[in-house]
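Participant:
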Amino acid sequence: MSGVLRIASIPGDGIGREVMPEGLRVLDAASRRFGFQLQITPIEWASCDYYLQHGTMMPADWKTQLADLDALYFGAVGWPATVPDHISLWGSLLKFRREFDQYINLRPVRLFKGVPCPLVDQRGQPRQPGDIDFLVVRENTEGEYTKLGGILFEGTDRELVIQESVFTRLGTDRVLRYAFELAQRRARRHVTLATKSNGIAISMPWWDARADAMQAQFPEVSLDKQHIDILTARFVLQPNRFDVVVASNLFGDILSDLGPACTGTIGLAPSANLNPERRFPSLFEPVHGSAPDIHGRNIANPVAMIWSGALMLDFLGQRAAHDAIVQAIEQVLASGPHTPDLGGTASTTEMGEAIARLVA
Ligand code: GGG
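Structure, rendered in structure tokens:
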């Protein structure tokens, strides 16, 4: 990697276009303070507007345009009023994840000081920062997200729909290994596997067995396996139980919306879609989507976008810049300004500017 960080900024749709400028503002402040150079390539495709003009979400040479960059900084995708969600998702984000083999989706879940938590503990007291601080590791290239299947006897009363899930040993073992390696570096050294081996009787017992085999290679890391139904209940009732939670693509997607919702707002949740071997660029994006319901009002919380930028800098070797951004986020969450999802009246821009000032 050269001394210059070459990054594509891909705002996408809806509030992705509103939080992206704040993410870039903070990255710019960090680059000035920590003395690294950023070369930002703005990308206007991978959006529903582009689809409406061209009939496709991305140009044919999208991969060539992006493959040599260091990272992709992505906003949000989807505008269901004009483009069906499965077209926009499969035409952009899922292509990035699969063709750049971003097989890890790392999604931190953390309760911050100053953010009212909707959860209470067994004594009815609000949860405190420190009670919720875990990582969701989502398998990101296979699983329940497939186009394998079909419809027979369509439109008749015999209509039959089949949708396959695909789990490979390669794909499952590499996400399990990543989760165990991560847990090994953390204080609690615990992995929870999201499973459903009582109902999904082939693939989930197989996941359980793969996790047991992986755990044998990490004797200092403990493992528990929880069915997805009780696991979601425990996210709400006992979030302090969790350290590293590893899950299939769909289970991980659901858990990584629920987790941040338990910390007050999904507007804080970042994610890193990683190709850990760095053969391809990794992608960093907020967990939230394009939120058409609040788009155009400049009220979206920019923290998920900004924190995703911090994860990107960390992955690209700028640990000090990452730490400074996270500290600035902590400070602004503790004392404002806050967007409406946090109970405040600040705009997206005001919150982004406040974080950028602290980073500068
Ligand atoms: N910034 C993330 C985003 O736009 N997500 C839209 C979405 O529906 N994603 C589904 C997924 O992450 O699997």
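Numbering-wise (my numbering), the sequence shown opens with residue 212 and increments by one.
Glycine included, every Cβ here is placed at the ideal spot set by N, Cα and C.
According to DSSP, F285 sits in a beta bridge with which residue or residues?
Facilitator: Answer is I221.
Participant: At a threshold of 7 Å, does F285 count as lining the ligand GGG (C-beta to nearest heavy atom)?
Facilitator: Indeed, a heavy atom of the ligand GGG lies less than 7 Å from the Cβ.
Participant: Where T293 and Q395 are concerned, what is the direct C-alpha to C-alpha distance, given to the nearest angstrom?
Facilitator: Roughly 46 Å separates the two Cα atoms.
Participant: Thinking C-alpha only, which one of P319, V386 and S459 is nearest S414?
Facilitator: Per the Cα distances, S459.
Participant: From E370 to A567, what distance separates their C-alpha atoms?
Facilitator: Answer to the nearest angstrom: the Cα atoms are 55 Å apart.
Participant: Do V455 and F345 have their beta-carbon atoms positioned less than 8 Å apart in this structure?
Facilitator: Yes.
Participant: So, is H297 buried or exposed, given that buried needs 16 or more other C-beta atoms within 10 angstroms?
Facilitator: Counting Cβ neighbours within 10 Å, H297 comes out exposed, since fewer than 16 surround it.
Participant: Count the C-beta pairs between the segment 263-281 and the segment 316-335 that are closer than 8 Å, then say yes if the count reaches three, no if not.
Facilitator: Judged by Cβ distances under 8 Å, the segment 263-281 makes no contact with the segment 316-335, as fewer than three pairs qualify.
Participant: What I want to know is whether the C-beta of D464 ends up closer than 7 Å to one or more non-hydrogen atoms of the ligand GGG.
Facilitator: Checking every heavy atom of the ligand GGG against the Cβ of D464, one is found closer than 7 Å.
Participant: L304: beta carbon under 7 Å from a heavy atom of the ligand GGG?
Facilitator: Answer for L304: yes, Cβ within range of the ligand GGG.
Participant: Using the C-alpha atoms, what's the distance from V514 back to Q529?
Facilitator: Cα-Cα distance, rounded: 19 Å.
Participant: Output needed for E431: all residues of its chain with C-beta closer than 8 Å, excluding positions within five of it in sequence on either side, in chain order.
Facilitator: Within the same chain, E431 has close Cβ partners Q395 and R400.
Participant: Along the beta strand (DSSP E) that carries I251, what are the first and last residues, could you check?
Facilitator: Per DSSP, I251 belongs to the beta strand (DSSP E) from Q248 to P253.
Participant: Taking the beta strand (DSSP E) that R349 belongs to, which residues open and close that run?
Facilitator: It spans D344 to E350 - the beta strand (DSSP E) in which R349 sits, taken as one unbroken run.
Participant: Of the residues V230, A557 and S299, which one's Cα is nearest the Cα of Y262?
Facilitator: Of V230, A557 and S299, the residue nearest in Cα terms is S299.
Participant: For V402, which beta-bridge partners are listed by DSSP?
Facilitator: L434 and V455, per the DSSP bridge assignment.
Participant: Take the Cβ of D440 as the centre, count every other Cβ of all protein chains shown within 10 Å, and call the residue buried at 16 or more, exposed below.
Facilitator: So D440 counts as exposed.
Participant: Determine the direct distance from the alpha carbon of V372 to that of G366, and round the result to whole angstroms.
Facilitator: Distance between the alpha carbons of G366 and V372 is about 11 Å.
Participant: Using 8 Å for Cβ pairs, my map puts I254 next to A282. What's the rounded Cβ distance?
Facilitator: In fact, because the Cβ distance is near 12 Å, the residues do not count as touching under 8 Å.
Participant: Would you check whether the ligand GGG has a heavy atom nearer than 7 Å to the C-beta of E564?
Facilitator: Not so, every heavy atom of the ligand GGG lies at least 7 Å from the Cβ.
Participant: Ordered along the chain, which non-local residues of its own chain (more than five positions away) have a Cβ less than 7 Å from that of I315?
Facilitator: Excluding positions up to five away in sequence, the list reads V348, N351, V386, Y389, L485 and P487.
Participant: Taking L277 as the reference, which of W256, W518, L479 and T556 has the closest Cα?
Facilitator: Ranking W256, W518, L479 and T556 by Cα distance to L277 puts W256 first.
Participant: On a CA-only basis, which of P548, D224, W518 and G554 is nearest Q538? Give me that one, please.
Facilitator: It is W518 whose Cα lies nearest to the Cα of Q538.
Participant: Could you work out which residue in D464, V457, N512 and L461 is closest to P475 when comparing CA atoms only?
Facilitator: Residue identity check: residue 475 is Gly in the sequence provided, not Pro. Checking every option, the nearest Cα to that of G475 belongs to N512.
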